[in-house]
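Taken in order, the sequence shown gives residues 1 to 302; the numbers are from UniProt numbering. All residues carry an ideal CB built from backbone N, CA and C; glycine is no exception.
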Amino acid sequence: MELKSACRMFLFPVQMLYYIVRASLFSLLPSRRKDLTKEVVLITGGGRGIGRHLAKEFAKQGARKVILWGRTEKCLKETAEEISLSGTECHYFLCDVANREEVYKQAKVVREKVGDVTILVNNAAVVHGKSLMDSDDDALLKSQHINTMGQFWTTKAFLPRMLELQHGHVVCINSILSQSPIPGAIDYCTSKASSLAFMESLTLGMLDCPGVGCTTVLPFHTNTEMFQGMRVRFPQLFPPLKPEVVAQRTVDAVRADKAFLYLPWTMHALVILKSFMPQVALEEIHKFSGSYTCMNTFKGRT
Numbered sequence: 001m002e003l004k005s006a007c008r009m010f011l012f013p014v015q016m017l018y019y020i021v022r023a024s025l026f027s028l029l030p031s032r033r034k035d036l037t038k039e040v041v042l043i044t045g046g047g048r049g050i051g052r053h054l055a056k057e058f059a060k061q062g063a064r065k066v067i068l069w070g071r072t073e074k075c076l077k078e079t080a081e082e083i084s085l086s087g088t089e090c091h092y093f094l095c096d097v098a099n100r101e102e103v104y105k106q107a108k109v110v111r112e113k114v115g116d117v118t119i120l121v122n123n124a125a126v127v128h129g130k131s132l133m134d135s136d137d138d139a140l141l142k143s144q145h146i147n148t149m150g151q152f153w154t155t156k157a158f159l160p161r162m163l164e165l166q167h168g169h170v171v172c173i174n175s176i177l178s179q180s181p182i183p184g185a186i187d188y189c190t191s192k193a194s195s196l197a198f199m200e201s202l203t204l205g206m207l208d209c210p211g212v213g214c215t216t217v218l219p220f221h222t223n224t225e226m227f228q229g230m231r232v233r234f235p236q237l238f239p240p241l242k243p244e245v246v247a248q249r250t251v252d253a254v255r256a257d258k259a260f261l262y263l264p265w266t267m268h269a270l271v272i273l274k275s276f277m278p279q280v281a282l283e284e285i286h287k288f289s290g291s292y293t294c295m296n297t298f299k300g301r302t
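Written out as structure tokens, the structure reads:
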């Protein structure tokens, strides 16, 4: 028994090296893309920002139906009309993902009126851009309820049917701030870190579920009205991402069944550096990059 255990211990690093090399080689090869022509896509926060561009991109790449959830009817209606004019069937429903009962109720309405959702995109999010002591308690709770708990309710509402059909995909639009927080957005960073843990756990849980996949997108600062006024010290080196680029790369990642997507790719280096650098070095990097003051001019969505 001891010999068997010793052999396993010896083989473990060899196996890890094998899988790392294998994954690296496969990443260099062109992957087969999933066909979207039979997919019914539901996007939370789909009326504006990244959500709106995601809806347009899924429609452009052939999704059969697109469903928009959000809290502002005007934005939802405008986006739905634009997508419908492009030739893709589009529906919208008012739904606050922070409200568990409302999510379950609207999920039932969607199934009855539109059909089974096969791709769920958890995109809805809010940010208040204040320090802990300056934050209103209700605003802090709102961030956690929408950015984190909303994913629990939407996933519980739609994942069981995907598992039953053995066909589906759960997508989360997260943020690099979930792994590299900044001051002045403590509510957002905390909620996104929780959201990332949720998706990491869910992704591992789906390994034995054929036909159902997960994709987590971790973009750098994206040029949308939600982060209006956020300042980056070196915009030439770290330019804000365009929401249409985030949408296009997200849909490509879903079609390629990619579990995690960092945007831009240089964010991989940031995560790796953080894993072994001492705290004092990380603090100096934050000072140099200006992350301590980047939220000082934050205005957010007007």
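By the neighbour-count definition (other C-beta atoms within 10 Å, threshold 16), residue 192 is a buried residue. A direct Cα-to-Cα measurement between residue 298 and residue 77 gives close to 28 angstroms.
Judged by DSSP in its simplified three-state form, residue 158 adopts helix. Distance from residue 198 to residue 250 at the Cβ level is roughly 18 angstroms; contact not present, criterion being Cβ atoms closer than 8 angstroms. Residue pairing for residue 219: DSSP places it in a beta bridge opposite 263. Relative to residue 245, the option among 268, 228, 256 and 217 whose CA is nearest is 217.
Around the beta carbon of residue 231, a 10 Å sphere encloses fewer than 16 other beta carbons of the protein chains shown; the residue is thus reported as exposed. Between the alpha carbons of residue 17 and residue 62 lies a distance of about 38 angstroms. Its chain contains 128 as the residues whose beta carbon lies nearer than 6 angstroms to that of residue 139, once the 5 sequence neighbours on both sides are disregarded; these appear in chain order.
In terms of Cα proximity to residue 164, the closest of 188, 272, 183 and 209 is 209. Around the C-beta of residue 85, fewer than 16 other C-beta atoms lie within 10 Å, and the residue is accordingly described as exposed. Across the structure, residue 133 and residue 9 are spaced so that their CA atoms are roughly 49 angstroms apart. Here residue 98 really is in contact with residue 145; their C-beta atoms are around 4 angstroms apart, less than 8 angstroms. Setting aside the 5 residues that flank it on each side, residue 213 is surrounded in the same chain by 169 and 257, each with a C-beta closer than 6 angstroms to its C-beta; the list follows chain order. Secondary structure note for residue 75: it is in no beta strand (DSSP E), and the uninterrupted alpha helix (DSSP H) holding it is 73 to 85.
Here residue 72 is near residue 47, since their CB atoms are less than 7 angstroms apart.
Relative to residue 181, the option among 167, 196 and 172 whose CA is nearest is 196.
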